[in-house]
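Here the sequence shown stands for residues 1 to 121, where the numbers follow the numbering used here. Working notes, beginning with the structure itself.
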Amino acid sequence: MSSSDEPRRVHFQSPEYLVDRLDAIADLFDKDRTDLLVEAIREYIEETADSETFQELVATKYYDDQLEFETVKQLVGAETAQRLRLLKADLDDEPLDLAAPEDVDIYGEDAVTVDTTADER
Numbered sequence: 001m002s003s004s005d006e007p008r009r010v011h012f013q014s015p016e017y018l019v020d021r022l023d024a025i026a027d028l029f030d031k032d033r034t035d036l037l038v039e040a041i042r043e044y045i046e047e048t049a050d051s052e053t054f055q056e057l058v059a060t061k062y063y064d065d066q067l068e069f070e071t072v073k074q075l076v077g078a079e080t081a082q083r084l085r086l087l088k089a090d091l092d093d094e095p096l097d098l099a100a101p102e103d104v105d106i107y108g109e110d111a112v113t114v115d116t117t118a119d120e121r
């Protein structure tokens, strides 16, 4: 068991009717309330992380420097986080200021000049 898998005590309040239903389900399956809560949280996190809306929100906040890379990695996984890191680096780069080549005629002899001043749109 890695250090990130070590159990951690969490305290929260919940409406009584939810706790009662959870306990009834735990009894039905002969499970512990904590096991059911951990399973429900895990499923919710996996479902949320796979959501396109969630991933777009994470990307937007990362690109706007509102999330650190390590947080992004926890939220969407290492592969997606690395892809976002590469895209962010690409977006942060200044566009190349390249002049058009003067020694190459990219249109060849097929170039046609169009008079756009005659358009009456």
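Positions of the beta carbon are idealized from the N, C-alpha and C atoms, including for glycine.
- Distance check between T80 and each of F54, D92, D65, E102 places F54 closest, using alpha-carbon atoms only.
- About 37 Å separates the CB atoms of Y63 and L18; that is not less than 8 Å, and the two are not in contact.
- Within the same chain, and ignoring the five residues on either side of T48 in sequence, the residues whose Cβ sits closer than 6 Å to its Cβ are F54.
- The Cβ atoms of A26 and D32 lie closer than 8 Å to each other.
- Rounded to whole angstroms, L87 and A99 show a C-alpha spacing of 25 Å.
- Looking at the backbone, the Cα of I41 and that of P7 are separated by about 14 Å.
- Where L87 is concerned, the enclosing alpha helix (DSSP H) starts and stops at 78-92.
- Of the candidates L37, T60, E70, L37 places its Cα closest to the Cα of H11.
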